[in-house]
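A short write-up of the structure that comes next.
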Amino acid sequence: MRLLFGLLFGATLSFGQSPVKDVESLHIFNLNLDFKPGWTLQVHSRVRTFENMGSFNQFRIGPILQVQLRPRLIGLAGYYWMDQNKRVIHQDFHIHRIWTGAQFRALQRRRWSVDARTVMERFVSAEFKDYFRFRNRLMWNANGSGRKWLPFASAEILRQQEIWYGRYTVGTQYRAGRGLVTAFGYEYRASPLGGGSHILATLIQFEGFRRMPPTFE
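All residue numbers for the sequence shown refer to our numbering, where the first residue is 2 and numbers rise by one.
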């Protein structure tokens with residue numbers, strides 16, 4: 002719980018130090034493939050807009066591997082190819098993003114759970130000097146067999162090029178049918194380079210028997 006309070010305190014700092022500069026949107030499409038027990042390959046794609054949702058910001062696509070290492074521990078690894086657009090001048094460039102980490106079920110109750118995730122990422126591009134980013138997130142998820150509407154909330158602290166900042170999300174998933182999850186939500190995203198953003202997000206996820214909570218990022 003101390004970590005949770007620390008993340009919430011970080012949220013207060015982010016709102017105070019990173020004034021809102023933009024309104025953006027995220028639109029995510031995932032396909033989960035359970036190719037062996039305890040192993041899930043997710044094909045992930047995302048489109049992002051910025052400048053008050055009036056301009057294309059980013060497209061990314063890539064695989065994410067999720068491995069059940071222990072009953073409450075999941076190993077994670079992924080790669081994204083990203084087409085990124087610069088603000089104002091709208092000049093695009095490409096980024097390779099490689100990452101690895103783990104997710105731990107910190108608390109499990111009958112109707113809700115809390116997951117803790119830590120990730121290390123590497124950004125590679127001809128446009129800038131390569132750098133690492135470190136992320137730590139707590140995510141609360143509603144549980145319940147047979148429930149279609151399952152709200153969630155998360156708080157995340159990131160460190161990039163010696164700068165700390167935060168991301169804070171609230172939303173709900175809707176299980177429209179077997180193997181299909183949709184979600185929508187709101188995120189306040191601080192920026193290490195300037196003002197933060199209000200983000201509206203949607204998600205469509207096709208999955209097998211293994212259910213992974215949605216995440217907007």
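For each residue, glycine too, the CB sits at the ideal point set by N, CA and C.
Keep in mind that this is a model prediction, so the values were computed, not measured.
Excluding its 5 nearest sequence neighbours in each direction, VAL68 has C-beta neighbours in its own chain below 6 Å: TRP40, GLY76, listed in chain order. Fully contained in the stretch 135-208 is no alpha helix (DSSP H) run of length 4 or more.
Only residues of its own chain outside the window of five on either side were considered, and among them TRP141, VAL171 have a CB closer than 6 Å to the CB of ALA154, listed in chain order. In this structure, SER192 keeps its C-beta atom at 9 Å or more from the C-beta atom of VAL24. If you look at ASP131, you'll find it isn't in any beta strand (DSSP E); DSSP assigns it neither H nor E.
Of the other Cβ atoms in all chains shown, fewer than 16 fall within 10 Å of the Cβ of ARG148; this residue is therefore exposed.
If you draw a straight line from the Cα of GLU52 to the Cα of ARG88, it comes to about 8 Å. Secondary-structure assignment with DSSP links GLY76 through a beta bridge to VAL68, ALA103. The continuous stretches of beta strand (DSSP E) do not include ASN53, and DSSP gives it neither H nor E. One alpha carbon belongs to SER146, the other to TYR175, and they sit about 13 Å apart. Residue pairing from DSSP leaves GLU218 without any beta-bridge partner. The continuous beta strand (DSSP E) containing VAL21 extends over residues 21-37. Inter-residue distance for THR173 and ASN144 is about 12 Å (C-alpha atoms, whole angstroms).
Listed in chain order, the non-local C-beta contacts of PHE36 below 7 Å within the same chain comprise LEU42, local neighbours out to five positions each way being set aside.
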